[in-house]
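Quick notes on the structure that follows.
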Amino acid sequence: MVQAFFILLFFQFLGTALQDGFHLSVPGPVIGMFMLAACLIGRKQLFRTRHIKATGSAFSAEQEAIPPDLARVSRSLIGALGLLFVPAGAGIAGQFTLLRANVWPVCVALVGSTLLGLVVTALVMQAMTRGHAPAENLPDNGGQVL
Numbered sequence: 033m034v035q036a037f038f039i040l041l042f043f044q045f046l047g048t049a050l051q052d053g054f055h056l057s058v059p060g061p062v063i064g065m066f067m068l069a070a071c072l073i074g075r076k077q078l079f080r081t082r083h084i085k086a087t088g089s090a091f092s093a094e095q096e097a098i099p100p101d102l103a104r105v106s107r108s109l110i111g112a113l114g115l116l117f118v119p120a121g122a123g124i125a126g127q128f129t130l131l132r133a134n135v136w137p138v139c140v141a142l143v144g145s146t147l148l149g150l151v152v153t154a155l156v157m158q159a160m161t162r163g164h165a166p167a168e169n170l171p172d173n174g175g176q177v178l
């Protein structure tokens, strides 16, 4: 468990270091998250090719390329994600007078960005699911994406 938590912190640190080093506008933890996902996808592909070379058969779902401790720690953090928004909410409440002075621009920005996000998500989903089985016919991996 400690090693899995260290892996998450390492990728967050690596992303933050890259963001600071290259002066990127993307937050460091987001860069680290994408790097971790790329490493896990690469690890899964490596396990798949090794398994096929060793056995000559297709990669079975039982052989998981994601370490179980990493999956357990990640699911625990996702389960507590709501608590991680409490400091941000307290920070917003501390700036209430500034929000009150700019209520209309903030509301327009929130509604506009929400609608834009919904439209872009719908268009991407439509483009990605063309020619594939409907979602109700896809297998359930217990929420595991990779």
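Those letters in the sequence shown? Residues 33 to 178, by my numbering.
Ideal Cβ positions, reconstructed from N, Cα and C, are used throughout, including at glycine.
Note that the structure is predicted; figures quoted are calculated from it, not measured.
- Residues of the same chain with a CB within less than 8 Å of the CB of Q51, apart from the 5 flanking positions on each side, are V58, P59, G60 and I63 in chain order.
- It is roughly 20 Å from the alpha-carbon of G111 to the alpha-carbon of A122.
- In this structure, the straight-line span from the alpha carbon of R107 to that of A70 is close to 18 Å.
- Contact annotation, M67 with F43: C-beta distance approximately 6 Å; criterion of less than 8 Å satisfied.
- Closest option to P99, judged by alpha-carbon separation, among I84, R75, L116 and P119: R75.
- CA-to-CA, the gap between L41 and A125 works out to about 29 Å.
- In terms of Cα proximity to M65, the closest of L56, L46, P119 and H55 is L46.
- Counting only the Cα atoms, I73 lies some 21 Å from V156.
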